[in-house]
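All residue numbers for the sequence shown refer to UniProt numbering, where the first residue is 1 and numbers rise by one.
The structure appears right after this line, and notes come after that.
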Amino acid sequence: MPYSIGQVAEKTGLTSYTLRYYDREGLMPFVHRSPAGRREFTDDDLDFIDLITCLKATGMQLAEIRKFVELAMQGDATLETRLAIFKQQQIAVKKQIAQAEKCLDKLDYKVRFYTAACDAGTEAAVSGNCEIPGAPIVIDESLRVKKSVKQSS
């Protein structure tokens, strides 16, 4: 049983507007239309839309996705070209992940830094190089504004 555009929007999390836009941009030439002109989607179409969403999420531009779709529609003659596209995108995503990991390291450090500063009541009491993730954070007790509260057992 075919899915309507509204059902596909609900299943994919994309808006009906986005799905229509993708269709107009040539990203979904495989979608059939009813005699009344309504788009009718299959489970295979949903899988392909999921791939389009994935590629877009990795930073691939719509024009590049359209080129991939055009190649896919040509069949086996374009297998090597499509493989090359995916290998190139794989490299790009690995670079994005490496950059994101560097940013996460810096954020982790800043969380430790500001946790220590909040505990001390001032940034002035906290020393450490905020540019070096993983660097030790030391609290200068003489500059501490907040007094450490020790719980008695």
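Heads up, the beta-carbon is just placed ideally off N, CA and C, and yes, glycines get one too.
Per the DSSP secondary-structure output, F41 pairs in a beta bridge with Y3. Only residues of its own chain outside the window of five on either side were considered, and among them E40, F41 and T42 have a CB closer than 7 Å to the CB of P2, listed in chain order. Two segments are said to touch when three or more pairs of C-beta atoms, one from each, lie closer than 8 Å; by this definition the region 7 to 19 touches the region 49 to 68. Per DSSP, the unbroken alpha helix (DSSP H) holding V111 starts and ends at L79 to A120.
Beta-carbon to beta-carbon, A116 and I137 are separated by about 5 Å, close enough to satisfy the 8 Å threshold.
For the pair T58 and Q89, the CB atoms are nearer than the 8 Å cut-off. With at least 16 other beta carbons inside 10 angstroms of its own, V69 counts as buried.
According to the DSSP secondary-structure assignment, R33 is paired through a beta bridge with R39. Beta-bridge pairing by DSSP links I139 to V126.
CA-CA distance, G26 to G75, rounds to 17 Å.
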